[in-house]
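Asks: Please see the structure below; I have some questions.
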Amino acid sequence: MSETAYFSMQNLTKQFRGTAAVQDLWLDVQAGERIALLGPSGCGKSTTLQLIAGILRPDRGQIWLNGRSLNRVPTERREIALVLQKGLLFPHLSVGENVAFGLRMRGVSRAEQVERAIAMLDQVQLSGFENRKPSELSGGQAQRVALARSLVIQPKVLLLDEPLSALDASLRGDMQELILRLQAETGVTLLVVTHDQSESAVMAHRIALMFDGRLRQVDTPEALYQNPVDESVARFFGGVNFFAADAQQHRLTLAEGERLITHYPHHGTVHITIRPEHIHVMADRVCGANLLPATLIHSRFTGTQRHLTLRTSAGLQLQAWVPPSQQFAVGQSVFAHLPPEALWVFPGSATAAAPSPMAQV
Amino acid sequence: MTILLQTNPNNQDDRNTEEQSNHWAIPWHAYLLVLPAVSLIAVLFGGGLVLAFLQSIGLMGLTSTGAVSLDAYQQALTSRQFWQSLGLSLYIALTATAISTVLSIGLALLLLRAGRWASFACQLTLPIPHLVGIAGILLLLSPSGVLSRVLVHLGWISSDQDFPLLVNDRANLGVMLHFLWKEIPFVTLILLAVLRGIRPEYGMQARALGASRWKCFWTVTLPLLRPGIISASLIVFGFVFGSFEVPFLLGSTFPKTLPVLVYQAFTDLDLNQRSVAIALGLLLSGVSISLIALYLWLGSGKPFRRVMRRAQG
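In order, the protein sequence lines correspond to chains A and B. In terms of numbering that gives the first Met the number 0, the numbers along the first sequence are unbroken and rise by one, the last being 360. In terms of numbering that gives the first Met the number 0, the numbers along the second sequence are unbroken and rise by one, the last being 312.
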């Protein structure tokens, strides 16, 4: 595996007091690729980052970069840069000295340090900030300086630990753009840790989804969104409609008695899901498969969408997100269309489809 | 509380009238509140200094002639003893401060990952009075002390005559040991508190940027520790430099430290020596304050930055 991958983790395991924080993690990353390590807090993603940076030592497993094992390489010689949550600029150094820190550690001449630090600050749109103290910067500026400080040493891999979580929503978009632009310009391999699935989708070519120290699915954002491997992955990506069903090839019979058709053939007991935004809701009956008569029992306007809760005549409860232009009255009879290509099937013994916490929102 | 509320920038009533002024300026009646504390210090400390100064220039005191005279200062500054004592006091204070600071930095770094017991252990020596510590040192290290007797008993030395002089010795080892015993836990306690406040992520960040452990200590940990180091070592220096009972009981018989010299002059049978004692005391304070000011200036990093800039320019 490591022969083709630029950067790879093999069987990586780290335990704390007998509990596995990271368990048998395998991940191959191509040069210049952007990977998001996504998961709820406490899932082991920050531990993984620290293992890669060499701050923690793995109990088992190997880390390879460019054909070289990193296991015995100390942090400072790994050529892997790290940007932590709040930027964490050294408070006793000026902005310029912060950016030049890595160059100073490498014994670069003072003139070159100054020149490269100033050029790098220019790239993060902070020209003229070199003599300021970190305490004089806003959160977004500090984060940009931290990014400059990590990129100026031209690392082979850049690790970002929740780089946007401390920023205002308005700054987050700008920062995302900046990170993506700098990544494109430098071609650095990027590994970003986040708990925010929309952020991971914007930032990464591929998302590595992690639960309880284990990687559950590594895929493109689109695939994770539409073809999750199991219910927990689907729930993490905002899935709210989960039903138990019996499958006969493309035909599904739900526990409630509804009959549906899917594009994904299966046999036996399965669980099915459909994303709320894929359900079409209409007032009048049209022709076609998977059309369920239902009653609107709840409607909530969110600004960009209307979140509808529907109950079919057989008692099946559905969450549907429709454009705000579609208006329905509570209690109104409607028809819900579940497109067969959006009806995703999980094989086998997934746990009973309890209502997800999001369904109650 | 009312004062705080009035300075609150969100207070709508004040907003328009105080728009131009600094909202966080201290209102005049806040000064009234600190007046009792300030006047107490002014009377007891400042007043004492003024009285001492008046006595030292011959305007007050038992032998006062009513005319300004700098005789006491002249006598103090021209005596060989003064300069020897000043040298000894500086030697003891600087050495004890330097050793306790350096050892405490190492100890604090070692104890950083230890539990709360480390801070507790450091507090053990704090409530013990210096006199008890001095008695302990005497019992332990004097020629007839416990250590000497144990060594004789073990046959390592043939009699207590062979035991090296560790108290009232010329090198002031006993004084030094006492101060280290007392001050290392104190400085360690302060540095531990400061170290615990430094986020470990700074170290991670420095390492990831290419700093070895050693460079990380010099370029990140130590500068972040600097405020704690400066204040702790200043307290130690100020205390040791002016300490009387420790060198009086454990120190060399000649030369004496400045505070011991002051005491000796003050209790001299010749009453004229009293103004000399006071002049010596004021000189001691003056030296102490100037050294602390110099240290703070050096510690602020300003002179170094100036030198750096000159080197760059």
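Every residue gets a Cβ at the ideal spot worked out from N, C-alpha and C, and that includes glycine.
Go ahead and pull the three-state DSSP assignment for residue 23(A).
Replies: Strand at residue 23(A).
Asks: Taking residue 134(A) as the reference, which of 97(A), 314(A), 293(A) and 4(A) has the closest Cα?
Replies: 97(A)
Asks: Do residue 188(A) and residue 156(A) have their C-beta atoms closer together than 7 Å?
Replies: yes
Asks: Count the C-beta pairs between the stretch 162-176 of chain B and the stretch 216-223 of chain B that are closer than 8 Å, then say yes if the count reaches three, no if not.
Replies: With the cut-off at 8 Å, the stretch 162-176 of chain B and the stretch 216-223 of chain B do not touch.
Asks: How many angstroms separate the CA atom of residue 249(A) from the CA atom of residue 260(A)?
Replies: 6 Å
Asks: In whole angstroms, give me the CA-to-CA distance for residue 29(A) and residue 140(A).
Replies: Looking at the two C-alpha atoms, the distance is approximately 30 Å.
Asks: Please tell me whether residue 101(A) has its Cβ less than 7 Å away from any Cβ of chain B.
Replies: True, the Cβ-Cβ gap to chain B drops below 7 Å.
Asks: Flag residue 315(B) as yes if its beta-carbon sits less than 7 Å from any beta-carbon of chain A, otherwise no.
Replies: This structure does not reach residue 315(B), given that chain B is present from 0 up to 312, and the question cannot be answered.
Asks: Within the continuous alpha helix (DSSP H) that includes residue 172(A), where are the two ends?
Replies: 168-185
Asks: Please classify residue 298(A): does DSSP put it in a helix, a strand, or coil?
Replies: strand
Asks: From the DSSP secondary-structure annotation, give me the bridge partner or partners of residue 220(A).
Replies: According to DSSP, which records beta bridges pairwise, residue 220(A) is partnered with nothing at all.
Asks: Applying a beta-carbon distance threshold of less than 7 Å, which residues of chain A neighbour residue 204(B)?
Replies: 81, 83 and 87
Asks: Who are the near neighbours of residue 103(A) in its chain, counting only those whose CB is closer than 7 Å to its CB and skipping five residues on each side?
Replies: 112
Asks: Spatial neighbours of residue 270(B) within its chain, please: C-beta separation below 8 Å, excluding the five flanking residues on both sides.
Replies: Excluding residues up to 5 positions away in sequence, 61 and 62 lie with their Cβ nearer than 8 Å to the Cβ of residue 270(B) in the same chain.
Asks: Using the rule of at least 16 other Cβ atoms within 10 Å of the residue's Cβ for burial, across every protein chain shown, is residue 162(B) buried or exposed?
Replies: Only buried fits residue 162(B), as 16 or more other CB atoms lie within 10 angstroms of its CB.
Asks: Please decide whether residue 8(A) counts as near chain B, where near means a Cβ-Cβ distance under 7 Å.
Replies: no
Asks: Do residue 46(A) and residue 20(A) have their beta-carbon atoms positioned less than 7 Å apart in this structure?
Replies: Contact: yes.
Asks: Taking 7 Å as the CB-CB cut-off, is residue 200(B) touching chain A?
Replies: Interface flag for residue 200(B) against chain A is set, since a Cβ pair is found closer than 7 Å.
Asks: What residues of chain B sit near residue 74(A), judged by a beta carbon separation below 7 Å?
Replies: 206 and 207
Asks: When you compare the stretch 315-325 of chain A with the stretch 275-288 of chain A, are there three or more beta-carbon pairs, one atom per stretch, that lie closer than 8 Å?
Replies: yes
Asks: Name the DSSP bridge partner or partners of residue 331(A)?
Replies: BP columns for residue 331(A) are empty, so no partner.
Asks: Is there a Cβ from chain A that is less than 7 Å from the Cβ of residue 222(B)?
Replies: So, interface residue.
Asks: List, in chain order, every chain B residue whose beta-carbon is nearer than 7 Å to that of residue 105(A).
Replies: 209
Asks: Could you tell me the alpha carbon to alpha carbon distance between residue 95(A) and residue 131(A), rounded to whole angstroms?
Replies: 8 Å
Asks: Using CA coordinates, which residue listed in 56(B), 100(B) and 70(B) is at the minimum distance from residue 187(B)?
Replies: 100(B)
Asks: Answer with yes or no whether the minimum CB distance from residue 54(A) to chain B is below 7 Å.
Replies: yes
Asks: Could you compute how far the alpha carbon of residue 148(B) sits from the alpha carbon of residue 128(B)?
Replies: 26 Å
Asks: How should residue 101(A) be labelled, buried or exposed, when 16 other C-beta atoms within 10 angstroms of its C-beta is the threshold for buried?
Replies: buried
Asks: Residues bridged to residue 13(A) by DSSP?
Replies: 21(A)
Asks: Can you tell me which residues form a DSSP beta bridge with residue 4(A)?
Replies: For residue 4(A), DSSP records no beta bridge to any residue.
Asks: Is the distance from the Cβ of residue 148(A) to the Cβ of residue 123(A) below 7 Å?
Replies: no
Asks: Closer than 9 Å by beta-carbon distance: list the chain B residues that pair up with residue 148(A), in chain order.
Replies: 204 and 208
Asks: With H, G and I counted as helix, E and B as strand and the rest as coil, what does DSSP make of residue 52(B)?
Replies: helix
Asks: Below 7 Å CB to CB, which residues in the same chain sit around residue 124(B) once its five sequence neighbours on both sides are set aside?
Replies: 180, 181 and 184
Asks: Please name the residue or residues paired with residue 316(A) in a DSSP beta bridge.
Replies: 310(A)
Asks: Could you list the residues in the stretch 218-243 of chain B with a C-beta less than 8 Å from some C-beta on chain A, going in chain order?
Replies: 218, 219, 222, 223 and 225
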